[in-house]
Every structure is written in C-alpha cells, then in structure tokens.
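Note sheet for the following structure.
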Amino acid sequence: MGHFKSEESKARAVAGLTHHTGPKTPEGRAKALKNLTPGNYIHGIYTESFREDWTPEEKVYYDDFMKHYQEEYELSKMDIDMLDRYLVAMIKTRRVDSVGMDYALNRKVSHINFDQEAIRMAQELGLSRRYRLSKGNSENKSEVDLSVLFDGMNEQ
1 MGHFKSEESK
11 ARAVAGLTHH
21 TGPKTPEGRA
31 KALKNLTPGN
41 YIHGIYTESF
51 REDWTPEEKV
61 YYDDFMKHYQ
71 EEYELSKMDI
81 DMLDRYLVAM
91 IKTRRVDSVG
101 MDYALNRKVS
111 HINFDQEAIR
121 MAQELGLSRR
131 YRLSKGNSEN
141 KSEVDLSVLF
151 DGMNEQ
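Using UniProt numbering, the first residue of the sequence shown is number 1, and each one after it goes up by one.
Quick look at the structure:
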C-alpha cells in the first residue's frame, strides 16, 4: 500500500491521476489565449505554429527587416535562411523581454537562449556594426601602401 493510509485513499489518488488541466476544446483554448495579457504574450514560442501566431507588429518587423537586408546585401539562399532564423530568434527574444526579468530568470536551462542564437546569426551573416567596420569586410578598402616599406632600400 506504500504511503497510503487505506485502500480508499490509494484509489482516490489513482483516480486523480487522470485529471488533466487546461482547456480541451478549440474554443476553450482560444478563450484562454485571449485572456493572456497582450503585453506579456510569450505563449507559443516553443510551438511548431509559432509563425502563425505572430502579432501584426511582429509580422511588420519581420517583413521590414527581411526586405531591408535583401535590398542592402547580396544574399545567397543559405544567407536568406540564416536571416530568417535570425529574425525569428529576435521576435522570440522580444516576446521574452516583454515579460520582464522574472520570466528570464526562472526560464528552464533546457530552453533555447534566443538572444545568443540571434547574436550568433547576426555575426555569421555579417550584419553587426563591428563586422561592417572591420578589416575582414571586403568592402572596407585598405589604405596601406606596401611600397612605402621598401622606399630607400637601394640607397646607402
């Protein structure tokens, strides 16, 4: 019987195991989703249907940035895919940020850190200011004249 005082208490406990919480019907789920505070909307950041539930502001954010970077840079298919992942990670980060520090501090360690994913994507795509100003960027001309190093070598 374990830690139960009687067979009756064990039966009650086992019967309670079938109790599920949360809405069961699509109407109930929609009502529960509607009751969420719009400013604290983080529900669904780990679901497959995440993109389908974007707010109008999130859709505009995604479309504006995607259009800007496609016009500004020559992007390969791989770059466009990475840009898409970057923008999705940023939208998820913005949702998490809208909730405040309590959520961020209490978030499970196993959950993806969207901030870090977005930063890594931006660096990989060369979207960061640091890269745009770096010597590694082929568009930044090097003003080094190597002939200056050899001036006067034949003079004695």
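Built from N, CA and C at the ideal position, the CB exists for glycine as well.
DSSP-derived helix/strand/coil call for residue i
i                : result
proline 56       : helix
alanine 11       : helix
serine 98        : helix
tyrosine 69      : helix
tyrosine 62      : helix
phenylalanine 50 : helix
isoleucine 45    : coil
residue 160      : There is simply no residue 160 to check, as the chain begins at 1 and stops at 156 in what is shown.
lysine 31        : helix
N-terminal and C-terminal residue of the alpha helix (DSSP H) that residue i is part of
i         : result
lysine 24 : That residue, lysine 24, is in no alpha helix (DSSP H); it is neither H nor E in DSSP.
Close-in-space but distant-in-sequence residues of the same chain around residue i (CB under 7 angstroms, 5 per side omitted)
i             : result
threonine 47  : none
methionine 90 : Ala118
histidine 3   : none
arginine 29   : Pro23
leucine 125   : Asp79, Met82, Leu83, Tyr86
Proximal residues to residue i (C-beta, below 6 angstroms), its chain only, five neighbours per side dropped
i            : result
tyrosine 69  : Leu83
alanine 13   : none
glutamate 27 : none
leucine 75   : none
Closer than 7 angstroms: residue i CB and nearest the ligand PLP heavy atom
i            : result
aspartate 64 : Ligands in the displayed structure: none, and consequently the ligand PLP is not present.
Own chain, CB closer than 8 angstroms to residue i, minus 5 neighbours either side, in chain order
i          : result
glycine 39 : Its pLDDT being 48, under 50, glycine 39 is placed unreliably by the model, and the measurement read from it follows with that caveat. So the list reads Ser98, once near-sequence residues are dropped.
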